[in-house]
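Input: a single structure, listed below in structure tokens.
Numbering (the UniProt record's numbering), first residue to last: 1 to 200.
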């Protein structure tokens, strides 16, 4: 029996940041996690990658059609303070990553870039900007799928958060909303992902 068989957290990186480390314990069920990921010259405390496969069945499970895959990239950074300029820069970064990371062809269905900032507080202007933020870009008029950008900001010391619409992962960062059961903790995304297979 390997260490990972004995301890499901054995393969999860350890963060010096206690808050981020606790969040990672919630995320590892669904995401491949990395520490200190650098992209386009920017450093992120935590990076996560989630692949979701959708499959439609016809009469029998062996007869499938309309298979497609969505990939979510999660980037999280701890900051000393936050202003509207920060999520604006992250939005610009998503466009650069889309050009570099997405193979835009008929096989591509969707990619999500989710950026999170861990800050001391959530200012009013940030709350307004992030809560209203929605970005979805069609690739070749949708023939090559699309990519979506989502944002969230959490202030764990203040027990405050704000997120773009449908940014489900923010629930994992709300440690002050402790789930009542282990099943609920492991299934943060269960309601949305119920019909989807696990990552490959």
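The beta carbon of each residue, even a glycine, is placed where N, CA and C say it ideally should be.
In this text the structure is predicted, and so the values were computed from the model without any measurement.
Problem - contact_flag[the stretch 150-157, the stretch 115-130] where n(CB pairs < 8 Å) is 3 or more - result: yes
Problem - Cut-off 7 Å between Cβ atoms - residues of its own chain near residue 42, not counting five sequence neighbours on either side - result: 93
Problem - residue 79, DSSP secondary structure in three states - result: coil
Handout entry: residue 46 versus residue 82 - alpha carbon distance
Key = 18 Å
Practice task
Measure the alpha-carbon distance for residue 15 versus residue 113 and round it to whole angstroms.
Solution key: 22 Å
Practice task
Could you tell me whether the Cβ of residue 89 comes closer than 8 Å to any Cβ of chain C?
Solution key: Given the protein chain composition of this structure (a single chain), no chain C is represented.
Handout entry: Identity of the residue in 138, 78 and 172 nearest residue 30 by Cα
Key = 172
Exercise for the section: Check residue 36 in the structure and name its three-state DSSP category. Expected result: strand
Handout entry: Cβ distance (whole Å) where residue 69 is taken to contact residue 53 below 8 Å
Key = 5 Å
Problem - Cβ pair residue 27, residue 13 closer than 8 Å - result: no
Practice task
Please say whether residue 174 and residue 164 have beta carbons closer to each other than 8 Å?
Solution key: no
Exercise for the section: Output the distance between the C-alpha atoms of residue 146 and residue 176, rounded to the nearest integer angstrom. Expected result: 34 Å
Problem - Beta-carbon contacts of residue 105 that lie in its chain and below 7 Å, excluding the five residues immediately before and after - result: 144
Handout entry: Spatially closest choice to residue 167 from 116, 89, 85 and 84, by CA coordinates
Key = 116
Handout entry: Candidates 135, 159 and 51: closest to residue 95 by CA position
Key = 135
Practice task
Figure out for me which residue from 110, 100, 169 and 103 has the closest Cα to the Cα of residue 137.
Solution key: 110
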